[in-house]
Structures are given as C-alpha cells and as structure tokens.
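Asker: In order, the protein sequences belong to chains A and B. Heads up: the first sequence at position 155 corresponds to 150 in our numbering, and the numbers run straight through without jumps. In short: position in the second sequence from 1, add 913, done, that's our numbering.
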Amino acid sequence: MTGAVEFDWEWVVEHLDLIGALLLDHVILTALAVGIGLVISFPLAVLAHRNRRLFPPITWAAGILYTIPSLALFALLVPFTGLTKVTAEIGLVSYTLLILIRNIVVGLDGVPADTKEAARGMGYTDRQLLWRVELPLALPAVVAGIRIATVTTIGLVTVTAIITEGGLGQLILDALQRRLDFTRAFTGASLSLLLAIGADVLLIGVQRFLTPWARGRVLAR
Amino acid sequence: MISLRNVSKVFPGRGRPAVGNLSLDVQEGETIVLVGPSGCGKTTTLRMVNRLIEPTSGEILVDGTDVMRQDPVQLRRGIGYVIQSIGLLPHRTVAENIATVPRLVGWDGGRIRERVRELAGMFRLDEELLNQYPSELSGGQRQRVGVARALAVDPPVMLMDEPFGAVDPIIRGRLQDQFLEIQARLRKTIMFVTHDIDEAIKMADRIAILNIGGVLEQYAPPEEILREPANDFVEEFVGSERGLKRLALIRVADIEVEEGPVVQPSDPVESAVGAMDRFGLDWTAVVEDGRLLGWVDREMLRGTQKVGEAGPRPFSAAVTMESSLREALDSIVTSRTNVAVVTGADHQYLGILTVDRVSREIVA
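1. What does a CB cutoff of less than 7 Å around residue 1283 of chain B pick up in its chain, not counting 5 residues either side in sequence?
2. Can you tell which of B/1104, B/1090, B/1114 has its C-alpha closest to the C-alpha of residue 1098 of chain B?
3. Counting only Cβ pairs nearer than 8 Å, list the residues of chain B close to residue 110 of chain A.
4. When Cβ atoms are compared, which residues of the region 114 to 148 of chain A fall closer than 8 Å to chain B?
5. Helix or strand or just coil, what does DSSP make of residue 1181 of chain B?
6. Could you tell me the distance, in whole angstroms, from the CA atom of residue 1175 of chain B to the CA atom of residue 1116 of chain B?
7. Tell me whether the region 1123 to 1135 of chain B and the region 965 to 974 of chain B touch, counting them as touching only if at least three CB pairs, one residue from each stretch, are closer than 8 Å.
8. If the cut is a Cβ gap below 9 Å, which residues of chain A does residue 1028 of chain B touch?
9. For residue 1073 of chain B, which residues does DSSP report across the bridge?
10. Identify every run of the alpha helix (DSSP H) within the region -4 to 25 of chain A, keeping only runs that are complete inside it and at least 4 residues long; order them along the chain.
11. Given a cut-off of 9 Å, decide if residue 120 of chain A and residue 986 of chain B are closer than it, judged by their beta-carbon atoms.
12. Look at the alpha carbon of residue 1265 of chain B and the alpha carbon of residue 1245 of chain B, and state the distance between them as a whole number of angstroms.
13. According to DSSP, is residue 63 of chain A helix, strand or coil?
14. Let me see if you follow: with CB-CB separation under 9 Å, is residue 957 of chain B close to chain A or not?
15. Using the beta-carbon of each residue, which ones in chain A are nearer than 7 Å to residue 1013 of chain B?
16. When the cut-off is 9 Å and only beta carbons count, does residue 991 of chain B lie next to chain A?
17. For the region 172 to 187 of chain A and the region 109 to 117 of chain A, state whether three or more C-beta atom pairs, one from each stretch, are separated by less than 8 Å.
18. Output needed for residue 31 of chain A: all residues of its chain with C-beta closer than 6 Å, excluding positions within five of it in sequence on either side, in chain order.
19. Which residue wins for smallest C-alpha separation from residue 1227 of chain B, given the options B/1199, B/976, B/1149, B/1185?
20. Which residues in the same chain as residue 1268 of chain B place their Cβ atom closer than 8 Å to its Cβ, once the five residues preceding and following it in sequence are excluded?
21. Quick one: is residue 1080 of chain B near chain A, going by C-beta distance under 9 Å?
22. For residue 933 of chain B, collect the residues of the same chain with a Cβ closer than 7 Å to its Cβ; drop the 5 residues on either side in sequence, then sort them by chain order.
23. Name the chain A residues whose beta carbon is nearer than 9 Å to that of residue 996 of chain B?
24. How long is the line joining the alpha carbons of residue 1165 of chain B and residue 1105 of chain B, rounded to whole angstroms?
25. Give me the subset of the region 958 to 974 of chain B whose CB atoms are less than 9 Å from a CB atom of chain A, sorted by chain position.
26. Within 8 Å, do at least three Cβ pairs link the region 146 to 160 of chain A to the region 57 to 64 of chain A?
27. Ordered along the chain, which non-local residues of its own chain (more than five positions away) have a Cβ less than 6 Å from that of residue 970 of chain B?
28. So residue 1019 of chain B and residue 1068 of chain B are in contact, right, with Cβ under 8 Å, and what is the actual spacing, rounded?
29. Can a CB atom of chain E be found closer than 9 Å to the CB of residue 51 of chain A?
30. What in chain A is Cβ-close to residue 986 of chain B, meaning under 7 Å?
31. On the three-state DSSP scale, how would you describe residue 141 of chain A?
32. Return the chain-ordered list of same chain residues with a C-beta closer than 6 Å to the C-beta of residue 132 of chain A, the five sequence neighbours on each side being excluded.
33. Anyone know if the C-beta pair for residue 995 of chain B and residue 1062 of chain B falls short of 9 Å?
34. Are the CB atoms of residue 117 of chain A and residue 990 of chain B nearer to each other than 9 Å?
35. For residue 929 of chain B, tell me which candidate among B/952, B/1028, B/1237 has the shortest Cα-Cα distance.
36. Looking at the strands, I want to know which residues DSSP matches up with residue 84 of chain A.
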C-alpha cells in the first residue's frame, strides 16, 4: 500500500503499447456501437417521420432499452451471448437508439414545408426528396444526435470492462482490483474523457464541413 | 394549353367542395390570373394541374393530355412551378437551385452551366450571386431566382402561386414589370394565382374571378371585367376606383389626342393671343420645327413682340403614346396648365389631353 495517490509515469511509459491497444479498442467499440445504432435508427426514424402513428411505439421501445441499467442488461445478456464483444455491442447499441431516433426525427420534422412543397412541385420523387433535400437539411440535428450518442457510448464502454471487453475501462477495473491503483485509474479515466472531448470536436468539424450553407449559424440544437 | 373540364375537389371530412364543377381554358401563350377571396379554391385549382392535389372529379388537360394519365413526377418536371414562399433549397447555391430540374431530367453539366448563365442574364442576377446560398439573398433576389428556376428547362406551361407576394410593393412592382417583359418574349402558357386584384389587372390577359367554393363568377380580359362586372360579387371584389383601374389599361395611342393652341417662337404675340382665344385658354404651346419647346401664357407675353422673347417654360410632365391614360390623368391634375401634352420621339409635339377627353373614355 505505497503511494496510493502518486502518479507513476514510469508505469505509463513502460505500458504504452497496452494503453494504445486499449485506446484503439475503446475507439472501435464506440464506433461500432454508434455505427450500428445509426443503421438501425435511420430506417426507424424515417418510418416514424412519415407515419406519425409509429413515432410513439418506436420511441417507447427505444426508451425502455435506454432505461435498463447497464449492469443489469449485461447480466441478462451474458447467459445468451457470453463474455464477448457481441454482448458489449448489444448493450452499447441499444443505448444509442433513443438519442439517434429522436434527433433524426427532429431533424426531418424541421425541414421547411415550403422547401418540400417546391421540391415535390418540381418533380422530385419521394426517394430523391429524402436523400437530396430532407436528409441534408436534417444533418445538423442528426450530427447533434451522433455527438450525444458518441460521448455517452465512450463513457459506457468503460462499464463493459466487467464482461472482459471495455477498452480503457480495463485499466479502471484493474485499478479497482489492485486496491485503487491511482496510476491505472487516472490513465483510464482521463484518456476516456479526452477521447470523448476529441470525438465531439471532430464531429463538430465534420458537420461544419458537410453543411457549408449553415456556417455562422447555431450548429447544434 | 390548359383545359379544366367540370373539375371538382372535395377534401375528405369537409362537406363543401373546395372547387365545384370548374371549367376553364387557358390558350397557348396566354397569362390567366385566378383571383378571389381566401377559400375560393384558387391555389387548390392550381395545384390540381400538376397533381400536387388530385381532383375528385372532372378532367384536366395539359397540351391535350389528361394529367391523371401521366406519371406525376414526369408531369411536374415539364411544368414550371413557383410558390409564394419560393421554397429555394437552402443547402444549394443559387446556381444549383436554378439547375434543379435540368439535373433531375439528366442534362449534362455543360448544357446546365450554359442555361444557368442564360437565365441569370435574363433575370439580371449577378455572377457572384450564383455561388451564394439562398439565406444570403434579399427577398427580391430570392423571388427572381425562384422564377428563373421554374423556367430552367423552358417548360411551355407555368404555374405561379403569388410569386411576387413575399416582397414589399415597390420591389413587387419591379418584379412584375420584369416578368411581363420576359413573358412578352417567351409567350408561356401561364396560370397565375393572386388575391390582389391590381396584380391580376396588371399581369393578366384574362382574369378568372372565383367565389368561395371555386365558383367561376367571371372570366374575361381585365378591361372588360372593369367595364362590365358580371355581377355584384365581381363589382365588389374589383372594388372602388374601377374607373382609374381601367384608365391604367388604356394607352394614349388607343385614343385620339386633341388639338391645342400651338405657336412658333417666331410668331408675333398677336397670333399667340389669337390661338389662346380660339381654345378659350390663357396659355399656348410653343413648337419649333415640330419639336415642343414649352408653353407661354398671357402674363409672360406682356411687353414682347415675338413669342420667342417671352422665354417659353418647359412642361413639367409630358406623356407619350405608350403612357396609360392613368398616367396622363396624373399629368393633367398636377400641371399648371391642366392638360397633358403628348409627345413622340425626340420631343415631337403630337397634341394635348384634357380631363374631358380622358373621362369620356371611362364613361364610354
């Protein structure tokens, strides 16, 4: 029990490979979760946008998933999918759905009616209207949703350490098992935080790049 | 050509039809204006032509083909469409907005660029404007882009729903003039909707006045609607100042100008006085070699030998053969001499117009 609150730089330097691998793992787990979340959310959001009656049941289902405590969800899943990446991803993805669906619907709803009317009157098909008009204009709200989902997921990934995955969460879990090793705990937590901030800033940049017409206006709602 | 035959539209859940048994023809190259109070179904009628709304019964023919037998998307690409709020795509530049329909129908890039440049010239849109986004434009510029966009593939038929509604009256007047100029060259078949009778009178070859429920009250050229309103509804809708509005539609060239007192600068004062006496006036026009120099009155001629010595004063306002009688009347009531002097090219003197002469046109 020596120097519980001393930061051991030597340990960090010696374990750069490990830290790098865990960081990469963390990024992959997050990107996969948000990516799969988008693939699932997008059609559901378009469906809910086009057919208002479907909006309450879809958000209700996503809301249920969102409210299940993460530890409980993993406990429920492990008997079926084991201590695997699949288990971790099912949990992570299910937490992104509510945020993403709601933001995509908000974005699509925010497209001005006269823009759609004019586009339809000029001969856009429904599909062209969605991809060339509604989606580009919904982009700021969609990216805002992706930002929230990404930051939330980066935090949640650390929890998945308990099922042997978890990227930087592994360092934190190790620290807990080693009577609160400060160096491991601090390295894991601070890198996870920096990753979240970095991802957020990156996404703001991506949005600015993709929506040149909206520059100078409020970026996220 | 557009042809509506017994067209009705009943929106579900509403007992009264929005449009009831409407029949209406628009000739090729003609601008017709649908006008009426809100609830008269004018916009509904317009939107049925490009199938944004489908008629409950009846037939709509565009160039002889029933619109219900055409693919709505193809139909719309072939008809120019402008709405009041314009609906420019906010994420596309002005050039991209104008190129919308050409791109949808698959023109190649070179042809699109050329057409965009042509339309920008026609609507006096600056080159640098083409790369801006709609949010960076003024209201008037937006409306011009909207109309240019609707003309992009040179469609023979245009539907315009209050296209100049969203700007202030001065800009609106300018946009109307500019569009009339362009339409005089292009001769599109246009169905135009407005609630503003003055805009209808200005833009229309024929006006269709609709009552609540899409009932056609009168369908006639503006001059006829002002001269002979078909019934009380039309008379009330057309409103006061019918006479003045009609005067706006008649050009000086359409009527005979009057002869007035005229002298040369070299004429002696006596002949000037004689000319005034003959017309019962106390002034006379001074003309040299057919060109109008101005006017002199008895006061100015006192103590001079020749008319030229009095120094003729210019008329404050002269009207031309192209002026409307309304402009002539304005010139009459604002001039000291109480006449409008009509001049041709290069100040050529043609005659005068008096209140009596102009009002005879209203009473006639």
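All C-beta atoms, glycine included, are put in the ideal place defined by N, C-alpha and C. Nothing here was measured: the structure is a model prediction, and the numbers come from that model.
Answerer: According to the data block:
1. Summary: the structure shown does not reach residue 1283 of chain B, with chain B confined to residues 914 through 1277, and so no result is reported for it.
2. Taking the second sequence and counting its residues from 1, one reaches residue 1098 of chain B at position 185. The shortest C-alpha separation from residue 1098 of chain B is found at B/1090.
3. Position 115 of the first sequence, counted from the start, is the residue given in the question as residue 110 of chain A. Within chain B, the residues near residue 110 of chain A are 1000, 1001, 1002, 1003.
4. 114, 115, 116, 117, 118, 119, 120, 123, 128, 131, 132
5. Looking up residue 1181 of chain B in the second sequence gives position 268. Taken through DSSP and simplified to helix, strand or coil, residue 1181 of chain B comes out as strand.
6. One-based indexing of the second sequence puts residue 1175 of chain B at position 262. One-based indexing of the second sequence puts residue 1116 of chain B at position 203. Their backbone Cα atoms lie some 39 Å apart in a straight line.
7. No, because fewer than three Cβ pairs between the region 1123 to 1135 of chain B and the region 965 to 974 of chain B fall closer than 8 Å, the two stretches do not touch.
8. Taking the second sequence and counting its residues from 1, one reaches residue 1028 of chain B at position 115. Simply none; closest approach about 15 Å.
9. By one-based count along the second sequence, residue 1073 of chain B stands at place 160. Its beta-bridge partners are B/995, B/1105.
10. 4 to 9
11. One-based indexing of the second sequence puts residue 986 of chain B at position 73. One-based indexing of the first sequence puts residue 120 of chain A at position 125. Against a cut-off of 9 Å, the Cβ pair of residue 120 of chain A and residue 986 of chain B comes out as a contact.
12. As a first step, residue 1265 of chain B is located in the second sequence; it is residue number 352 there, counting from the start. As a first step, residue 1245 of chain B is located in the second sequence; it is residue number 332 there, counting from the start. One C-alpha to the other measures close to 10 Å.
13. As a first step, residue 63 of chain A is located in the first sequence; it is residue number 68 there, counting from the start. Coil.
14. Within the second sequence, residue 957 of chain B is the residue found at index 44, counting from 1. Chain A contact via Cβ: absent.
15. Here residue 1013 of chain B refers to the residue found at position 100 of the second sequence. Under a criterion of Cβ atoms nearer than 7 Å, the residues of chain A adjacent to residue 1013 of chain B are, in order, 117.
16. Along the second sequence, one-based indexing puts residue 991 of chain B at 78. Taking Cβ atoms only, chain A reaches closer than 9 Å to residue 991 of chain B, which makes this a yes.
17. no
18. Taking the first sequence and counting its residues from 1, one reaches residue 31 of chain A at position 36. These residues qualify, in order along the chain: 88.
19. The residue labelled residue 1227 of chain B in the question sits at position 314 within the second sequence. Nearest of B/1199, B/976, B/1149, B/1185 to residue 1227 of chain B, Cα basis: B/1199.
20. Translated into the one-based positions of the second sequence, residue 1268 of chain B becomes position 355. Cβ neighbours of residue 1268 of chain B beyond the five flanking positions: 1242, 1245, 1246, 1251.
21. On the second sequence, residue 1080 of chain B is found 167 positions in, with the first residue counted as 1. Chain A, which has no Cβ nearer than 9 Å to the Cβ of residue 1080 of chain B, makes this no.
22. Translated into positions along the second sequence, residue 933 of chain B becomes position 20. Excluding sequence neighbours, residue 933 of chain B sits near 921, 1126, 1127, 1128.
23. The sequence position of residue 996 of chain B within the second sequence is 83, counting from 1. The contacting residues are 109, 112, 113, 116.
24. Taking the second sequence and counting its residues from 1, one reaches residue 1165 of chain B at position 252. Taking the second sequence and counting its residues from 1, one reaches residue 1105 of chain B at position 192. One C-alpha to the other measures close to 28 Å.
25. Considering only beta carbons, the part of the region 958 to 974 of chain B lying closer than 9 Å to chain A consists of 960, 963, 965, in chain order.
26. no
27. As a working mapping, residue 970 of chain B is identified with position 57 in the second sequence. Here the set comprises 921.
28. Counting from one through the second sequence, the residue named residue 1019 of chain B turns up at place 106. Counting from one through the second sequence, the residue named residue 1068 of chain B turns up at place 155. Going by Cβ atoms, the distance from residue 1019 of chain B to residue 1068 of chain B rounds to 16 Å, so no, they are not a contact pair.
29. Given the protein chain composition of this structure (A and B), no chain E is represented.
30. In the second sequence, residue 986 of chain B corresponds to position 73, counting from 1. Within chain A, the residues near residue 986 of chain B are 118, 120.
31. Counted from its first residue, the first sequence places residue 141 of chain A at position 146. In the three-state reduction of the DSSP assignment, residue 141 of chain A falls in the helix class.
32. By one-based count along the first sequence, residue 132 of chain A stands at place 137. Cβ neighbours of residue 132 of chain A beyond the five flanking positions: 106.
33. Residue numbering aside, residue 995 of chain B sits at position 82 when the second sequence is read from its first letter. Residue numbering aside, residue 1062 of chain B sits at position 149 when the second sequence is read from its first letter. Yes.
34. Stepping through the first sequence from its first residue, residue 117 of chain A is reached at position 122. Stepping through the second sequence from its first residue, residue 990 of chain B is reached at position 77. For residue 117 of chain A and residue 990 of chain B, yes; Cβs fall inside 9 Å.
35. Counted from its first residue, the second sequence places residue 929 of chain B at position 16. Per the Cα distances, B/952.
36. As a first step, residue 84 of chain A must be located in the first sequence, where it is residue number 89. Note: residue 84 of chain A sits in no beta bridge, so no partner.
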